[in-house]
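Data first, discussion second: the structure below is written as structure tokens.
Number of protein chains: 2
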Amino acid sequence: MTSIDKMRSACAVANGLEILGDRWTLLIIRDLMFTNRREFGHFLNAGEGISTNILSERLERLQCHGIISKQPHPDHGKKNIYELTDQGIALAPTMIELTLWALDSIQNTFAPPQVIELMKKDKEKLLQLIRQRTVLVEVPL
Amino acid sequence: MTSIDKMRSACAVANGLEILGDRWTLLIIRDLMFTNRREFGHFLNAGEGISTNILSERLERLQCHGIISKQPHPDHGKKNIYELTDQGIALAPTMIELTLWALDSIQNTFAPPQVIELMKKDKEKLLQLIRQRTVLVEVPL
Numbered sequence: 045m046t047s048i049d050k051m052r053s054a055c056a057v058a059n060g061l062e063i064l065g066d067r068w069t070l071l072i073i074r075d076l077m078f079t080n081r082r083e084f085g086h087f088l089n090a091g092e093g094i095s096t097n098i099l100s101e102r103l104e105r106l107q108c109h110g111i112i113s114k115q116p117h118p119d120h121g122k123k124n125i126y127e128l129t130d131q132g133i134a135l136a137p138t139m140i141e142l143t144l145w146a147l148d149s150i151q152n153t154f155a156p157p158q159v160i161e162l163m164k165k166d167k168e169k170l171l172q173l174i175r176q177r178t179v180l181v182e183v184p185l
Numbered sequence: 045m046t047s048i049d050k051m052r053s054a055c056a057v058a059n060g061l062e063i064l065g066d067r068w069t070l071l072i073i074r075d076l077m078f079t080n081r082r083e084f085g086h087f088l089n090a091g092e093g094i095s096t097n098i099l100s101e102r103l104e105r106l107q108c109h110g111i112i113s114k115q116p117h118p119d120h121g122k123k124n125i126y127e128l129t130d131q132g133i134a135l136a137p138t139m140i141e142l143t144l145w146a147l148d149s150i151q152n153t154f155a156p157p158q159v160i161e162l163m164k165k166d167k168e169k170l171l172q173l174i175r176q177r178t179v180l181v182e183v184p185l
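In order, the protein sequence lines correspond to chains A and B.
So that you can map any letter, position 2 of the first sequence is 46 in my numbering, and since no number is skipped, the others follow by simple counting.
So that you can map any letter, position 134 of the second sequence is 178 in my numbering, and since no number is skipped, the others follow by simple counting.
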């Protein structure tokens, strides 16, 4: 459980958005949930053009709220590895529903076919794979 | 289907967040989906402190993307009534999952008991009520 110091309202949606209501934050969560991106440089080069200072701030904030964890890279002393915590993994149903909405509602929107297939036909299986930290979309790093 | 002029990426999550990845936008959708707030002044006074210019810009953007519609108020010529379109209503599963996550993950987070009950025990019924444009949370306006 995370407490927020400056809570504007106790409403569940408002509180959730106080932490998550920012596209960069949710793009980092997408990378950690669906792809093999785990390092600062991976998020920076994910293609949406996040700046280094926004990325640092968002990673800090996500750790502070217990959604991601940071460990030193086993092979590179100066690098860190980021992972979703259980609380971060618990965002999977929200991310899945957002993706399904976007696929249905916005033109020229894509997701890897194997992920779409699972989202539409076996949501429970997809949730299970995400909970097991399976890399669903292997991207070049 | 909505097209976005300046799409940074075709990824479904990124595209969805290009439209929705902003807490004010999702708070307006919350008001329209769960409460009886339908007018500019209702959103302005919803308690989170949105400013008039941000509210105007977000309402314009939501209309532009086909998520809400605007009609003249039947009784007050100068006022408008906002409603979710079918594409806006289709965000219900995302909003429900976000709310459930916040209730589980953030301290001092509340939602009306009748809504929590439905979210946890009969999500299909809740989706049906939202699709029928039922006001689930009557707030003083």
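The C-beta atom is built at its ideal place from N, Cα and C for all residues, glycine as well.
This structure is a prediction, so every number in the text was calculated from the model and none was measured.
query: Whole-angstrom distance between A146(A) and E161(A), CA atom to CA atom; result: 15 angstroms
query: Under 7 angstroms by beta carbon: chain B residues contacting R74(A); result: V57
query: Cβ neighbour criterion (16 or more within 10 Å) applied to T96(A); result: exposed
query: Beta carbon of A155(B) nearer than 7 angstroms to that of T138(B); result: no
query: D166(B), buried or exposed, once every other Cβ within 10 Å from all chains shown has been counted against 16; result: exposed
query: Contact list for the segment 78 to 103 of chain A against chain B, Cβ threshold 9 angstroms; result: F78, A90, G91, E92, G93
query: N79(A) - DSSP class collapsed to helix/strand/coil; result: The sequence given here has Thr at residue 79(A), not Asn. It is a strand residue.
query: T143(A): contacting residues in chain B (beta-carbon distance under 8 angstroms); result: A56, V57, G60
query: Reduced DSSP secondary structure (H/G/I, E/B, other) of E127(B); result: strand
query: Simplified DSSP state of I94(A), which is helix, strand or coil; result: coil
query: Chain-ordered chain B contacts of Q131(A) [CB-CB under 7 angstroms]; result: S149
query: Limits of the unbroken beta strand (DSSP E) element including Q115(A); result: 112 to 116
query: Residue environment, S100(A), which counts as buried when at least 16 other CB atoms sit within 10 Å; result: exposed
query: Sub-7 angstroms separation of G110(B) and T79(B) beta-carbons; result: no
query: CA nearest to the CA of E182(B), picked from H117(B), Q151(B), Q172(B), R74(B); result: R74(B)
query: Per DSSP, cross-strand counterpart(s) of C108(B); result: DSSP output for C108(B) lists no bridge partner at all.
query: Cross-chain neighbours of D166(A) in chain B, by beta carbon under 9 angstroms; result: The premise fails here: D166(A) is roughly 16 angstroms from chain B at the closest Cβ pair, so nothing lies under 9 angstroms.
query: Nearest-angstrom Cα separation, counted from G93(A) out to M163(A); result: 27 angstroms
query: D166(B), DSSP secondary structure in three states; result: coil
query: Proximal chain B residues relative to T178(A), where beta-carbon distance stays under 7 angstroms; result: Here the premise fails: no neighbours, minimum Cβ distance about 17 angstroms.
query: Pairwise C-alpha distance: L70(B) and G132(A); result: 20 angstroms
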